[in-house]
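Novice:
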Amino acid sequence: MHVLLVEDDAVLADGLQRVLSGHGMAVDVLHSGAEADARLQRAGSAHAAHAAGPAEPAVVVLDIGLPGIDGFEVVRRLRARGSAIPVLLLTARDAIEDRVRGLELGADDYLVKPFATPELVARLRALARRNAPKAAALAMGDLALDSDTKRARVKDRFIELSAREWAVLEYLLQHGARVVSKQQIIDAILPWGEDMTQNAVEVYISRLRLKIADAGVSIRTIRGFGYMLELAPHA
Ligand code: CA
């Protein structure tokens, strides 16, 4: 699960990044509202046009008190662009007006600092679940993924997938019959700072092809661009 954390307090940001990473989340940290606004704009347009660019995070954790463009303005602009990415606001102030204003501008949840990190983790998971594609969407042909148990099934047989193979296959299934680029796959399954080559994606794809060979669905290569899932023609 991809989290974008926007917090200008470097010590707090580092601490939260460690905690969330420890819970298996891929966390990217930005320190200003302007950076966050730019990143979310690019992610939104990349998503729409399938152009190369950062993927949309599953959840945004947004501090209200940021230098320059504050958290309120970031969330206002995000919603003005029509984005539905879940946003959790962090506020140092215990002022009720702040919470009301944040929610009215389109934030989904908030936490008042200082907060207990397990609460943050639980709320982020709940927000991501609420916004996740429906379980039914993660099936195609005779292939089905169960996101809760992280198991993949071909017909009535469970298949073994590594964590990375799982993430690649989940991303492809979330996009159904739409083409995704290698870079989009990398952006979706890794934090932005982390490295993975496009060759590595090819390796995961070829392993997945063997594992889902009889699933009635195949991973088609779109030369020079990326991949898409395709239902196998009926025999
Ligand atoms: Ca702050």
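Under this note's numbering, the very last position in the sequence shown is 237; numbers go up by exactly one each time.
Ideal placement from N, C-alpha and C gives every residue a C-beta, glycine not left out.
1. In this structure, how does DSSP classify G24 when only helix, strand and coil are distinguished?
2. Around the Cβ of K184, are there at least 16 other Cβ atoms within 10 angstroms (buried) or fewer (exposed)?
3. Tell me the residue span of the alpha helix (DSSP H) that contains I87.
4. Return helix, strand or coil for S164, following the three-state DSSP convention.
5. Looking at ligand 1, does it come within less than 6 Å of G17, judged from the CB to the closest heavy atom?
6. Residues in its own chain within less than 7 Å of V156 by CB, not counting five upstream and five downstream?
7. For the pair the region 199–212 and the region 123–134, tell me if three or more CB-CB distances fall below 8 Å.
8. Closer than 8 Å is the cut-off here; do at least three beta carbon pairs connect the region 72–89 with the region 104–116?
9. Output the residues surrounding ligand 3, defined as those with a CB atom closer than 5 Å to any ligand heavy atom, in chain order.
10. Do L91 and I66 have their CB atoms nearer than 7 Å?
11. Which residue comes first and which comes last in the alpha helix (DSSP H) that contains L68?
12. Per DSSP, which residues does D148 bridge with? Please list them.
13. Kindly identify the DSSP beta-bridge partner or partners of L80.
Specialist: Reading from the atomic positions:
1. Residue mapping note: residue 24 aligns to position 22 of the sequence shown, counting from 1. Of the three classes helix, strand and coil, the one that applies to G24 here is helix, per DSSP.
2. Taking the sequence shown and counting its residues from 1, one reaches residue 184 at position 182. By the C-beta density criterion, K184 is buried, having at least 16 other C-beta atoms within 10 angstroms.
3. Taking the sequence shown and counting its residues from 1, the one referred to as residue 87 is at position 85. Following the DSSP letters along the chain, one finds I87 in no alpha helix (DSSP H), marked with neither H nor E.
4. For this step, residue 164 is matched to residue 162 along the sequence shown. DSSP places S164 outside both helix and strand once states are collapsed to three, so it counts as coil.
5. For the purposes of this step, residue 17 is taken as residue 15 along the sequence shown, with counting starting at 1. No - ligand 1 has no heavy atom lying nearer than 6 Å to the Cβ of G17.
6. For this step, residue 156 is matched to residue 154 along the sequence shown. For V156, same chain residues with a beta-carbon under 7 Å away, outside a window of 5 residues either side, are D144, L145, I214, D216 and A217 in chain order.
7. They do not touch, by the three-pair rule.
8. The region 72–89 makes contact with the region 104–116, as at least three CB pairs between them are under 8 Å.
9. Questions concerning ligand 3 fall outside what the structure shown contains, since the ligands it does hold are ligand 1.
10. Along the sequence shown, read from residue 1 onward, the residue named residue 91 stands at position 89. Along the sequence shown, read from residue 1 onward, the residue named residue 66 stands at position 64. Cβ atoms of L91 and I66: closer than 7 Å.
11. Position 66 of the sequence shown, counting from 1, holds the residue named residue 68. Careful: L68 lies outside any alpha helix (DSSP H) and carries neither H nor E.
12. Position 146 of the sequence shown, counted from the start, is the residue given in the question as residue 148. D148 pairs with R153.
13. As a working mapping, residue 80 is identified with position 78 in the sequence shown. Per DSSP, L80 has no beta-bridge partner at all.
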